[in-house]
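Asks: Let me give you the structure first, and then I'll get to my questions.
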Amino acid sequence: MIDHAFLWPDTAEVLANGHLAIGGCDTAALAREFGTPLYVLDAATFDAAARGYLAALARHYPGRSAAHYAGKALLNTAVAQLAARAGLGLDVVSGGELFVALRAGVPAEHIHLHGNAKLRAELQQALEAGVGAIVADSLDELATLARLSAGRAAPQPIMLRVTPDIAADTHAHIQTGHAASKFGFALDALDAAAACVAAAPGLRLRGLHAHIGSQIFSYAAIERAVGVLLDCAARLRDQHGIVVDTISPGGGLGVPYTADQPQPDYAAYVAAISRALAEGCAARGLPLPALVLEPGRSIVARAAVALYEVVATKPLSSADEQPRTKDEPLAEASADPSSLVVRPSAVTRYLHIDGGMADNIRPALYGARYTALLANRAAAAPAEVVHVAGRFCESSDVLLRDVPLPAAQLGDLLAVAVAGAYTLSMASNYNLVPRPALVLVQNGQARLVQRRETYADLAARDVPLG
Ligand SMILES: Cc1ncc(COP(=O)(O)O)c(C=O)c1O
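Residues in the sequence shown are numbered from 14 upward in steps of one, following our numbering.
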C-alpha cells in the first residue's frame with residue numbers, strides 16, 4: 014500500500030520485491046530497460062480522468078459539450094492519440110502542436126488553436142487544416158486572419174479570447190485572466206473585435222473564451238468568468254446582432270502535488286460551470302451555448318511519474334541550512350498559509366539525481382512542491398528528511414525540499430509523483446543534457462512513445478565552423 018495513494022497513478026502498487034509498479038510494470042525494470050531520467054505515463058489514469066470529465070459533462074451539460082485536452086501540458090503523437098481515443102478534442106498553441114495533433118489523426122474540427130502571438134504561418138496552417146476554431150487573441154491577429162481567409166468557400170470559425178479581469182487564486186506566474194494579463198482582448202476591445210470578424214467574409218464568430226489561470230481549487234472565480242463571458246454574449250447580441258454559439262471558460266482545475274492539497278472533483282467543477290451557464294443564460298435571455306472545457310493538468314499530471322537515479326549524496330551542515338522564510342513565494346499549488354510559517358528544518362542531506370530543472374522546471378520557476386518515494390524500496394518507512402538537488406548548474410535546481418525518504422544510497426531510484434503536466438513539455442537542453450524518454454504503460458506492457466535524446470540529436474542542429 015502506497016502512502017497518499019491519491020497522488021500516484023491509479024495503477025500504482027508495491028510489488029512483493031518492494032518495487033513500485035505502474036501499469037503493471039516494475040519501475041526498477043523500466044529504469045534498467047529505458048534508462049533514467051524516465052517519465053512513465055499510465056494510460057489507465059489518463060483515460061480515467063478523461064472519462065471523469067466526459068461523464069460529468071454528459072450529466073450536467075448534456076448535448077452540446079466537449080472537453081479538449083490542453084496539449085501544452087504534455088504532447089506528442091501518442092498522447093494526442095490517447096486523448097482522441099478517450100473522446101477528447103485537442104487545444105494546441107503552436108504550429109508544432111498542430112502538426113503533431115494532425116499527425117496523430119485528431120480530426121481537425123476537434124482542434125482549437127490558441128496563443129497570444131500566433132505566427133502568420135501558423136494561422137495559415139490552421140486555416141488550411143480547417144480547425145474547429147481559431148481562438149483569436151488580438152485585433153492584429155484578426156486583421157491577419159481576415160486577409161488570409163479572404164476567398165474561402167466556408168468561413169473559418171473564430172472564438173474571441175477575452176480577459177475577464179479576474180485574478181484567480183493561484184501563483185502569479187500562472188494567472189491569466191487579470192486585467193494586466195498578456196492574454197486575450199480587454200473587455201472594451203470586444204466591439205472592435207466583433208466588428209472585425211463581421212467585416213471579414215472568410216471568418217465567422219463562433220464563440221467566446223476565457224482562461225483565468227491554472228492550478229485553481231476554488232470554482233468561484235471560474236463561475237465569475239462564465240458570468241463575464243455571458244455579459245459579453247449579451248452585448249454581442251444587443252449591439253451586433255450576433256448569437257454566440259459556444260462558450261469556453263478554459264481549463265485550470267487544480268490537482269494535489271502534496272498530501273495537504275485537495276483532490277480534483279470533476280463532477281463538482283463541471284456542475285458549478287454548468288449551473289453558472291444555465292442560470293446566467295436564463296437571467297440574460299440567452300439561448301444555452303455549447304460548452305467547451307480545456308483541461309490539461311487535471312488530465313495528465315497524476316498519470317505520470319518521473320524516475321531518477323540517485324547519483325550522489327552530500328551532508329548538509331546545519332549552519333548552511335536556511336529555514337524557510339516568510340519571503341519565499343507561496344508554493345504554487347498551495348492556498349495554505351501555514352506553508353509560509355518559518356519552521357526549522359530537520360534536513361541533513363542532499364540527494365543529487367540525474368535530472369532536474371531541464372526536465373521539470375516548475376520548482377525553480379514558481380516554487381512548485383512535489384512528493385517522492387524510493388521506487389526500489391517503495392514500502393520502506395521514511396528514515397530522514399532530505400532535499401533533492403537536480404544536476405543542472407543553477408542553485409535554484411532543487412527539485413524537492415524537505416522530503417521524507419528511507420535512507421537513500423547511490424543507485425537508488427527516486428520516483429516523483431504527479432509529474433505529467435508542464436514538465437517534459439517545458440523541457441530544455443540546458444547544460445546540453447539530452448532530454449528524457451517517455452514510456453506509456455498499460456496492462457504490464459511498456460511502450461516507448463518518446464525516445465531519449467542522444468548526442469547525435471544534439472549534433473544534428475549544431476553547425477561547426479568547419
Ligand atoms: C487557453 C488555455 N486553456 C487551457 C489550459 C490548460 O490549463 P490546465 O492545464 O491548468 O488545465 C491553458 C493553460 O495554460 C490555457 O492557456
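A virtual CB, placed ideally from N, CA and C, is assigned to each residue, including glycine.
Every value quoted in this text rests on a predicted model; they were computed, and no experiment measured them.
Measuring straight from C-alpha to C-alpha, what distance separates Ile225 and Ala430?
Replies: 26 Å
Asks: How close, in whole Å, do the beta carbons of Ala79 and Asp23 come, if the pair is a contact with beta carbons under 8 Å?
Replies: Incorrect: roughly 24 Å between the Cβ atoms, too far for contact.
Asks: Considering only DSSP beta bridges, list what Val476 is partnered with.
Replies: Bridge partners of Val476: none, in fact.
Asks: Within the continuous beta strand (DSSP E) that includes Ile124, where are the two ends?
Replies: Looking at the DSSP string, the run of the beta strand (DSSP E) that includes Ile124 is Ile124 to Leu126.
Asks: Which residues share a DSSP beta bridge with Tyr321?
Replies: Tyr321 is bridged by DSSP to Leu427.
Asks: Our contact map puts Ala223 next to Gly197 with C-beta atoms below 8 Å; I'd like the distance itself, whole angstroms only.
Replies: 7 Å
Asks: For the beta strand (DSSP E) that Thr259 lies in, which residues bound it at each end?
Replies: Thr259 to Ser261
Asks: Could you please give the first and the last residue of the uninterrupted alpha helix (DSSP H) stretch that includes Pro376?
Replies: First-last of the alpha helix (DSSP H) with Pro376: Arg375 to Tyr379.
Asks: From which residue to which residue does the beta strand (DSSP E) around Gly240 run?
Replies: Element bounds for Gly240: not the beta strand (DSSP E) but the alpha helix (DSSP H), Ala233 to His253.
Asks: Identify whether Met172 lies in helix, strand or coil by the three-state DSSP scheme.
Replies: strand
Asks: Are the CB atoms of Leu437 and Leu87 within a distance shorter than 8 Å?
Replies: yes
Asks: Do you know how far the Cα of Ala402 is from the Cα of Glu122?
Replies: 44 Å
Asks: Given a cut-off of 8 Å on the beta-carbon distance, is the pair Arg428 and Ala396 in contact?
Replies: Reading off the sequence shown, one finds Ala at residue 428, where the question assumed Arg. Not closer than 8 Å, so no.
Asks: Three or more C-beta pairs under 8 Å: does that hold for the stretch 133-144 against the stretch 198-214?
Replies: no
Asks: Which runs of the beta strand (DSSP E) at least 3 residues long sit entirely within the stretch 137-219? Give them in chain order.
Replies: Correct list: 146-149 and 169-174.
Asks: Tell me where the beta strand (DSSP E) around Ser287 begins and ends.
Replies: Careful: Ser287 lies outside any beta strand (DSSP E), inside the alpha helix (DSSP H) at Tyr279 to Arg297.
Asks: Just grab the DSSP bridge partners of His400 for me.
Replies: Tyr363
Asks: Does the distance from the CB of Tyr82 to the CB of Leu101 come in under 8 Å?
Replies: yes
Asks: What three-state label does DSSP hand Lys327 in the structure shown?
Replies: strand
Asks: Under the rule that 16 or more other beta-carbon atoms within 10 Å means buried, what is Ser162, buried or exposed?
Replies: Buried, since its Cβ has 16 or more Cβ neighbours within 10 Å.
Asks: Identify every run of the beta strand (DSSP E) within the stretch 89-133, keeping only runs that are complete inside it and at least 3 residues long; order them along the chain.
Replies: 102-105 and 124-126
Asks: Using DSSP with H/G/I as helix, E/B as strand and the rest coil, what is Ser409?
Replies: coil
Asks: Starting from Tyr52, trace the beta strand (DSSP E) both ways and give me its first and last residue.
Replies: Leu51 to Asp55
Asks: Which residue from Ala316, Ala167, Ala206 and Ile235 puts its Cα closest to that of Pro214?
Replies: Closest by alpha carbon: Ala167.
Asks: Can you grab the Cα-Cα spacing for the pair Tyr383 / Gln455, in whole Å?
Replies: 24 Å
Asks: Is the distance from the Cβ of Ile171 to the Cβ of Ala146 below 8 Å?
Replies: yes
Asks: Under a Cβ-count criterion, where at least 16 other Cβ atoms within 10 Å of its own Cβ denotes burial, should Tyr435 be classed as buried or exposed?
Replies: buried
Asks: Looking only at its chain, what residues have a beta carbon closer than 6 Å to the beta carbon of Ala501, apart from the 5 residues adjacent to it on each side?
Replies: There is no way to answer for residue 501, as the model of the chain reaches only from 14 to 479.
Asks: Counting only the same chain and skipping the five closest in sequence on each side, list residues whose C-beta sits under 8 Å from that of Ala444.
Replies: Note on identity: in this sequence residue 444 is Asn, with Ala being the wrong assignment. For Asn444, where only same-chain residues beyond five positions count, the Cβ hits under 8 Å are Ala371, Arg404, Phe405 and Cys406.
Asks: Do you know how far the Cα of Pro275 is from the Cα of Ala44?
Replies: Roughly 31 Å separates the two Cα atoms.
Asks: Using CA coordinates, which residue listed in Tyr321, Met439 and Val446 is at the minimum distance from Ala385?
Replies: Considering only Tyr321, Met439 and Val446, the residue with the shortest C-alpha distance to Ala385 is Tyr321.
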